[in-house]
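Let me begin by presenting the structure, written as structure tokens, before commenting on it.
Number of protein chains: 2
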Amino acid sequence: MADDKAAILKGTLDMLILKIVALGPIHGYAISQRIQQISNRHFQLQQGSLYPALHRLENRGWLAAHWRATGTGREAKFYKLTAKGRRRLEAEVESWERTAEAVALILRTAE
Amino acid sequence: MADDKAAILKGTLDMLILKIVALGPIHGYAISQRIQQISNRHFQLQQGSLYPALHRLENRGWLAAHWRATGTGREAKFYKLTAKGRRRLEAEVESWERTAEAVALILRTAE
DNA sequence: GCGTATAGGCAGAAATGCTAGGCGTCTCCC
DNA sequence: GGGAGACGCCTAGCATTTCTGCCTATACGC
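As given, the protein sequences belong to chains A and B, one line each in that order. Under the working numbering, the first residue of the first sequence is numbered 1, with each subsequent residue one higher. Under the working numbering, the first residue of the second sequence is numbered 1001, with each subsequent residue one higher.
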């Protein structure tokens, strides 16, 4: 089991997607590539995880979607962050930072 | 919704438990208190999450348990780390660190 | 005798991400 | 013109994990 490529940590997927979308309108396929690229290929985001997540985020009103042509002349569904989504992203990032700190605190506890 | 107390981030519970147990033999109830205490009360670990997790870790051979009296004269199940558990803990910590770094990388990506 | 802290446990639900497929199109190259 | 592979979207079913909510029992102070 070479866990060279790690699955995305549960609970962080939404935040990562929101963050990528916050960088500018982007379609699903490109999101997965972007996440792998930026994370130095650490994360392996499966399409079967991505698309349901996108629909979830859209249903919650954090993302808005519309079809548009890509650079390669194909139709794709572009997502962009809503105002609500931006607030959500900020909240999730803050929560993540506090959590990461708490984990670090425990891990640093000396024997 | 004051999410003052955060639930434990999915996927980190096992690691945190292993880490606490690595500090010395300890029983379940004390583990939950320790985690809350060390994390500056950030984490709220429910007993309904803790005990199933302990059984899981024991079944996998990462923890070993034996009944013993506590300081207050009550019987409690003390857990200690096995050699296998120690290796597992190291692996999980390393994986966590790489993951946290990858998340940070994405979050730091400028607009 | 009673309430609270200590200590362990289970059943059921909810969320989340994965595996494993399917669909159609476009481009490139032989 | 035919095949391969990249692009792009999607669903169904599953496994795992953690939560909520409940139960039991003992020790101790009042």
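Beta carbons: idealized from backbone N, C-alpha and C, even for Gly. These numbers come from a predicted model, not from an experiment.
| Check | Outcome |
| --- | --- |
| Taking only runs that begin and end inside the stretch 1037–1108 of chain B, name each unbroken alpha helix (DSSP H) of 4 or more residues, in chain order. | 1047–1059, 1083–1108 |
| At the level of alpha carbons, what is the spacing between A/Asp3 and B/Leu1018? | In this predicted model, A/Asp3 has a pLDDT of only 39, less than 50, meaning its place in the structure is not dependable; the value taken from the coordinates is given anyway. Roughly 20 angstroms between the two C-alpha positions. |
| Which bits of chain B does A/Phe43 rub up against, with CB to CB less than 7 angstroms? | Ala1102 |
| Rounded to a whole number of angstroms, what is the C-alpha to C-alpha distance between B/Gln1047 and B/Gln1033? | 10 angstroms |
| Note down the Cα distance separating B/Leu1063 from B/Ala1022, rounded to an integer number of angstroms. | 10 angstroms |
| Please report the distance separating the alpha-carbon of B/Ala1104 from that of A/Val103. | 15 angstroms |
| Put B/Ala1002 into one of helix, strand or coil per three-state DSSP. | Since pLDDT at B/Ala1002 reaches only 34, below the 50 mark, its modelled position is unreliable, and the value read off the structure follows with that caveat. Looking at B/Ala1002 - three-state DSSP - the assignment turns out to be coil, as it is neither helix nor strand. |
| Out of curiosity, what's the CA-to-CA distance linking A/Met1 and B/Leu1050? | In this prediction, A/Met1 scores a pLDDT of 32, lower than 50, which makes its location untrustworthy; the coordinate-derived value is nonetheless stated afterwards. When rounded, the distance between both Cα atoms is 27 angstroms. |
| Express the C-alpha separation of B/Thr1099 and B/Tyr1029 in angstroms, rounding to a whole number. | 29 angstroms |
| So what's A/Ile26 in DSSP terms, helix, strand or just coil? | strand |
| Where A/Leu16 and A/Phe43 are concerned, what is the direct C-alpha to C-alpha distance, given to the nearest angstrom? | 11 angstroms |
| Note down the Cα distance separating B/Arg1056 from B/Ala1065, rounded to an integer number of angstroms. | 12 angstroms |
| Are the Cβ atoms of A/Trp67 and A/Phe78 separated by less than 9 angstroms? | yes |
| Please report the distance separating the alpha-carbon of B/Glu1094 from that of B/Arg1088. | 10 angstroms |
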